[in-house]
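Counted the way the numbering used here counts, the sequence shown spans residues 72 to 754.
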Amino acid sequence: MLFKAKKVLWNQNYALFLRGKYVIPTDSNLNCLKMKRILLVLALVLTCCCNIQAQSLQPTMEAPFVKVLTPTTKGTIKPGANQVWWGYYTDGMMRDAIGTQTAETVEQAIFIKGNDPFMAGKKIQAIRFFLRSLKDVSEVRVWLAKPNAAGQPPANTKQADVSVTCDLTQLQAGDQDQNHLGIANDIVLTQPFEVPAEGVFVGVTFEIEALSDPINASPIVTTGRGTDIDNSLWVRTAVRIPNWADAANKGFGRATIQVLSEGAIPENALDTKDFDPVYMKPGKRAIVPVTATMAGTKQVNSLAFTMKVGNHEPSKEQTVDLPQPLTLFGQELLLNIPVNAPMQSGEFPVEVTITKVNGEANGSIHPTGKGAFVVLEKEIVRNVVVEEYTGTGCGYCPRGIAGMMKLRDTFGDRFIGIGIHRYNDSDPMFITKYERLAWEGAPKCMLDRGKQIDPFKGSGEGIVKDFQEEMERTSAIEVSVSGAIDDAKTHVYATANINPLVSGNFKLAYVLIADEVFCPKDNWRQMNYYSARRRETQPEEMAQFCMGGAQGTKFFEWHYDDVAISSSYDNNGKNQVQIGTLEAGKTLKHSFTIDMPTDAELLSAVQTNKLYVVAMVIAPDGRIENAAKSQVTPIAGIHDIESSQKLTEVARYTIDGRRISQPQKGVNIVKLSDGTIFKVLVK
């Protein structure tokens, strides 16, 4: 069953792009799950010790573990001696797609800087791109062009420095699976092209004559939201985007274009990436995550690394034998190193250096990843936000219902569930006012906007284990929230208090959720594929949805909990809340008015005494740093977070400052008894 793609607003000055990934239900038995990342446990005991002002920062005796990004690309050209496939897209990353939903010429490109640390002076032997459909496609070209005077690709790419028209009969098209759109095509150049000092654009052009195949509405294959990087996506189309536009860092990810690079390449090399600050509780265990990418021509079977904290000497070199080697250039591994924090608070710079690869000196030009340990002054309780992607038309989503119920029962108030009904737009709880998260399928969930996992099985050992681990992650932000609904039940006034222990460019978002949402109409029933399964074949929590269970029918009535019905995001997924930089030790009080939904049927299914407001503080890396949840109360009875004072409306004004005694159509300014002021739109 296919459903419409999700809308994503790129920029008000640019055309509206639509993501081209169709949402397909997932189950553990589907082959696509074989493509998931593999978790490898290494039998490694660390003995390194870094002293900090008479305190010891020691890796624990627990075994670190490595997560390896599994290769998925099936290209036709294998690199030869001193050759690798290079690009901003790394083999194994998820592949999404975007487009203008118009039959027109569509062009995409990446830019390789002339002084790029790896590509400078290299020769390009071939170009790789991903193709989704050949139907109604009259021409496909690949090209290379030096930047023009404006620093952009040429106006006429047919006159680029190199332009190759592809033989359509030799191209492969389709979607590899729901998480990896497009099929790789490798085009060999007749002559090698050396990367010039001024850099080069590498592009692909599709001439699309019609949209009889809806896949062609989104022909540009990208890596999806949350993976943006400079120079990785330029776009132009004949009609909707007539001028070249730098689309990098606008939420679409990276173009999946790669080049076959030839030149001096080290054999044994791993690049080590910088990592975000690791927050720690004094004397408690924490995990140091270090990401490394294969940067040489030989597969990686082992590595050795050191850790340096502050001005102290590096730790003793430790060797890790990988049970599964890295085999492709750009393939990633994530090394998680458990450490014990010192008893004193403070911030300590940290460097992790991969010194050897396969027993030889690391040939990378980026062997060291830098970060920081931030030992906090006090321990802050972390509440965990579980955003679940779901929908009434998703037959496997009863698994998500069971998982969310289990988390609620197990962790109580520490669990903040947010059911995002965006799987099928026929869902009466479908929400447009929410962040456009790039979901891989349904049911899926994210804990504090981390990796996507199954809402019942988690990452393999059950969702409860994943939640427990996330709950133990140290938070640097303390947050509380309250909410009050107006008498007309059209707006909820939310107030958050944020107490940061660190400074930074954090974001704040509000979500309005409802419990026990129910309507007896048929279109509210939940689809259920488990009705054809025997109860004894499923976990206890799933038995009610199986054959003979209380909800063991193909469609069943349900009282839905944790339903997101509104938020501070607008209909295009843009957050309307703006806060300045948080400063350590300075409490921020922020208020925002959340619009209640206007759909009459949805409102009839929502009980106002079952409404809750959630405040989420989002870190610069996109993870949720902490969150709070509070029941929404009538405006006359709300209690302030910091006192028992009752909040009431004390004054109301028009937008031009006139005081009024009753709500008037248009924008009203409302003042509450604690001094909080809201703008309210009265319709």
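Idealized CB from N, CA, C, for every residue including glycine.
- The alpha-carbon separation between N320 and G474 amounts to approximately 34 Å.
- Comparing alpha-carbon positions, the option among L331, M164, N302 and G274 lying closest to I148 turns out to be L331.
- A contact is defined here as three or more CB-CB pairs under 8 Å, and the region 233-249 fails this definition with respect to the region 298-305.
- Burial check for E403: the Cβ neighbour count within 10 Å reaches 16 or more, so the residue is buried.
- In the displayed model, K578 falls within a strand according to three-state DSSP.
- Judged by pairs of C-beta atoms under 8 Å, the region 614-629 touches the region 594-606, as three or more such pairs exist.
- When the beta-carbon positions are compared, N433 and I548 stay at least 8 Å from each other.
- Closest in C-alpha terms to N680, from the list D670, I706, F663 and V688, comes I706.
- When only Cα atoms are considered, E265 and K193 end up about 6 Å apart.
- Taken atom to atom, the span from the alpha-carbon of R479 to that of V233 is near 59 Å.
- Within the model, the alpha-carbon separation for A316 versus K592 is close to 47 Å.
- When the Cα atoms are used, P514 and K477 turn out to be separated by approximately 15 Å.
- A contact is defined here as three or more CB-CB pairs under 8 Å, and the region 645-653 fails this definition with respect to the region 619-634.
- By the 16-neighbour rule on beta-carbons within 10 angstroms, M414 is exposed.
- Check the Cα spacing between P420 and each of E210, G442, N570 and T461: the tightest is with G442.
- In this model, Y159 and F400 are separated by some 12 Å (Cα to Cα).
- Exposed is the label assigned to T608, since fewer than 16 other Cβ atoms lie within 10 Å of its Cβ.
- The alpha-carbon separation between G512 and V271 amounts to approximately 36 Å.
- A distance of 8 Å or more separates the beta carbons of L374 and V423.
- Cβ neighbours of G354 within its own chain (closer than 8 Å, five residues either side excluded): N411, A412, P413 and M414.
- In the three-state DSSP reduction, R605 falls in the strand class (E or B).
- When secondary structure is reduced to three states using DSSP, T294 falls in the coil class, being assigned neither helix nor strand.
- Contact between I169 and T293 holds: CB atoms are separated by about 6 Å, below the 8 Å threshold.
- By the C-beta density criterion, S553 is buried, having at least 16 other C-beta atoms within 10 angstroms.
- Around the beta carbon of H630, fewer than 16 other beta carbons lie within 10 angstroms, which makes this residue exposed.
- Taking a C-beta distance under 8 Å as the contact criterion, V359 and V349 qualify as a contact pair.
- When I286, E278, T261 and F444 are compared, the shortest CA-CA separation from F346 is found for F444.
- If you draw a 10 Å sphere on the C-beta of I487, you find 16 or more other C-beta atoms in it, and that means buried.
- Nearest to E418 by alpha-carbon distance, out of G430, P394, N382 and Q389, is N382.
- Judged by DSSP in its simplified three-state form, A326 adopts strand.
- Three or more beta-carbon pairs separated by less than 8 Å link the region 672-688 to the region 574-583, which places the two stretches in contact.
- Of the other Cβ atoms in all chains shown, fewer than 16 fall within 10 Å of the Cβ of N642; this residue is therefore exposed.
- One thing to note: F323 has its Cβ within 8 Å of the Cβ of L304.
- Inside the region 167-230, DSSP marks no whole alpha helix (DSSP H) run of 4 or more residues.
- According to DSSP, residue pairing for K379 in a beta bridge involves E422.
- In the three-state DSSP reduction, L304 falls in the coil class, being neither helix nor strand.
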